[in-house]
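Undergrad: Next up is a structure, given as structure tokens.
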Amino acid sequence: MRDYLLYCTYCSTYTLLHSFDKDAGTFLGEYSLLHNDYTRDNIVLNKFLLAHLGHTIRPIPSQTDDYRQIIGNASHFLEDDIDKYVEESQQRAKFRERDRKSEREIGQVQLYLIEHLLVHELHTLSQARAATPAEGQVLLGKELGFKKALDLVRQVKNDKQFAQ
Numbered sequence: 526m527r528d529y530l531l532y533c534t535y536c537s538t539y540t541l542l543h544s545f546d547k548d549a550g551t552f553l554g555e556y557s558l559l560h561n562d563y564t565r566d567n568i569v570l571n572k573f574l575l576a577h578l579g580h581t582i583r584p585i586p587s588q589t590d591d592y593r594q595i596i597g598n599a600s601h602f603l604e605d606d607i608d609k610y611v612e613e614s615q616q617r618a619k620f621r622e623r624d625r626k627s628e629r630e631i632g633q634v635q636l637y638l639i640e641h642l643l644v645h646e647l648h649t650l651s652q653a654r655a656a657t658p659a660e661g662q663v664l665l666g667k668e669l670g671f672k673k674a675l676d677l678v679r680q681v682k683n684d685k686q687f688a689q
């Protein structure tokens, strides 16, 4: 897997993009030894691009002489702040996971409420008495519809994806 860096020829400064994550559609970003992780977002890249507007910026692939020379001689953009950006990135990832989990739990509660309401409505319908045979057919159709809806809700509840 190839790593990349962006190099500003005017300032002799670079930022590491590392490898491209095809699943996320972004580069891994800067790496922090302290946190043993990448930024996994574009915060440092965006700051680099804004700081070097109008400058000539070259993308450099790893395993080249230019790459090794730049790493050895040029200054690393925001080198002292990378640990902070990685930590912030990790916090954002935790918040996203917490939000996703909360949304899932809210969805589960909503599904239980729907099931309860369907059971209640089905019970109410089964207690109703029709005045005419046509009305009886309508009530029977409604009852069958509610039973089908209740079965679907229970299928979703029993799905393994829902249980996780």
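Our numbering applies: residue 526 is where the sequence shown begins, and numbers increase by one.
Heads up, the beta-carbon is just placed ideally off N, CA and C, and yes, glycines get one too.
These figures come from a predicted structure and were not determined experimentally.
Would you kindly report the start and end of the unbroken alpha helix (DSSP H) that includes residue 649?
TA: Start and end: 607-652.
Undergrad: Of all the options 629, 537, 544 and 628, which has the alpha carbon lying nearest to the alpha carbon of residue 527?
TA: Of the listed residues, the one whose Cα sits closest to residue 527 is 544.
Undergrad: Nearest to residue 594 by alpha carbon, out of 661, 537 and 618?
TA: Here the closest residue by C-alpha is 537.
Undergrad: Does DSSP put residue 742 in a helix, a strand or coil?
TA: Since the first and last residues shown for the chain are 526 and 689, residue 742 lies out of range.
Undergrad: Going by other Cβ atoms of all chains shown within 10 Å of its Cβ, with 16 needed for buried, is residue 641 buried or exposed?
TA: The residue is exposed, with fewer than 16 neighbouring Cβ atoms inside 10 Å.
Undergrad: Contact between the region 649-661 and the region 679-687: three or more CB pairs below 8 angstroms?
TA: Output reads no: the region 679-687 does not touch the region 649-661.
Undergrad: Looking only at DSSP bridge pairs, what is residue 533 linked to?
TA: DSSP output for residue 533 lists 538 and 582 as bridge partner(s).
Undergrad: Nearest CA to the CA of residue 531: which residue from 571, 606 and 634?
TA: The candidate whose alpha carbon is nearest that of residue 531 is 571.
Undergrad: So if DSSP puts residue 557 in a beta bridge, which residue, or which two residues, is it bridged to?
TA: Residue 557 pairs with 562.
Undergrad: Hey, residue 610 and residue 564: beta-carbon distance below 8 angstroms or not?
TA: In contact: residue 610 and residue 564 (Cβ atoms closer than 8 angstroms).
Undergrad: If residue 643 and residue 665 are in contact, beta carbons under 8 angstroms, what's the gap, nearest whole angstrom?
TA: Contact flag wrong, Cβ pair sits at about 17 angstroms.
Undergrad: Apart from the five residues just before and just after residue 559, which ones in its own chain have a Cβ nearer than 6 angstroms to its Cβ?
TA: Hits under 6 angstroms: 608.
Undergrad: At the level of alpha carbons, what is the spacing between residue 620 and residue 626?
TA: Their Cα atoms are separated by approximately 10 angstroms.
Undergrad: Which term fits residue 600, buried or exposed, when burial requires 16 or more other beta carbons within 10 angstroms of its beta carbon?
TA: It counts as exposed.
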